[in-house]
Amino acid sequence: MLSTEGGRYEGSATSAYSPNIVRPGKRAPGGRRAALKIALCVLVPPVGVLYIWRTGSFPLRGRMLATAMAFASMLVMFLPMIPKPRLNAAYPTPVTPPGATRAPESDAVTALSNIEQLLIAQEAAEAAKLQEGQTAPSEEAAQRAALEAENEAIYNTVVYSVQKGAKLFHTGPTCGNQVNKKQLTVREAIAAGLGACPDCNPPTPK
């Protein structure tokens with residue numbers, strides 16, 4: 006191509022432009038494809054996102070923007086399909102408290118008499134406890150006196166033992182084959198250090 010003095014190119018009309026520059030009035034062939042890819046991302050988000058990332062159709066920012074659009078489209082598609090929980094609306098039912106009614110006079114008199122009976126029964130129980138507390142020491146003293154009298158009678162009971170070298174005292178003058186000739190009281194036998202025979206089991210104080 007040769008240029009003239011005015012700076013214009015000679016030759017055909019199409020030779021005045023570079024092959025990489027689109028002539029005015031014509032649309033870039035990639036614009037329609039980009040629109041189709043974006044529509045694919047919106048209508049079929051997974052397929053469109055996979056396609057633009059595999060082919061590298063747009064720059065990084067464009068792919069990220071298309072991915073965000075696809076995600077928003079998926080939300081719009083699937084949100085209506087999610088079942089919403091239904092809450093049973095329970096409305097409170099007003100409850101009116103029953104009005105306080107005055108007790109009849111007969112019931113009031115009965116309640117007062119019951120209270121008086123309870124007080125009388127409580128006083129009687131306290132008096133019985135006090136009386137038991139007073140009589141308990143006297144009963145213990147009587148039991149102790151009876152035990153001492155029984156032991157005194159046992160101490161004065163006559164028992165038997167051998168004349169010499171006695172270690173045990175016996176109930177009777179004979180215990181098995183042994184002859185016991187010595188007579189003494191239980192008090193004397195205990196004072197002498199003699200023990201009760203386990204065979205004849207003479208009386209011993211408690």
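So the sequence shown is numbered by the numbering used here: it starts at 6 and just counts up by one. Even for Gly, the Cβ is constructed at its ideal location relative to N, Cα and C.
Here Thr60 carries a helix assignment [DSSP, helix/strand/coil]. The three-state reading of DSSP puts Ala133 in helix, counting H, G and I together. The three-state reading of DSSP puts Gln183 in strand, counting E and B together. Note that the C-beta distance between Thr179 and Asn161 is not below 8 Å. Non-local beta-carbon contacts of Thr209 in its own chain, meaning distances under 6 Å to residues more than five positions away in sequence, involve Ala201 in chain order. No Cβ-Cβ contact shorter than 8 Å links Trp58 with Arg66.
In this structure, the beta-carbon distance from Val164 to Gln183 does not fall below 8 Å. The closest CA to that of Ser78, considering only Pro64, Val47 and Glu157, is found on Val47.
In the DSSP assignment, Leu189 forms a beta bridge with Val164. For Met74, the enclosing alpha helix (DSSP H) has its first and last residue at Leu65 to Phe83. Exposed is the label assigned to Ala196, since fewer than 16 other Cβ atoms lie within 10 Å of its Cβ. Per the coordinates, the alpha-carbon of Val81 lies some 25 Å from the alpha-carbon of Ser62.
In the structure shown, the three-state DSSP call for Leu199 is coil.
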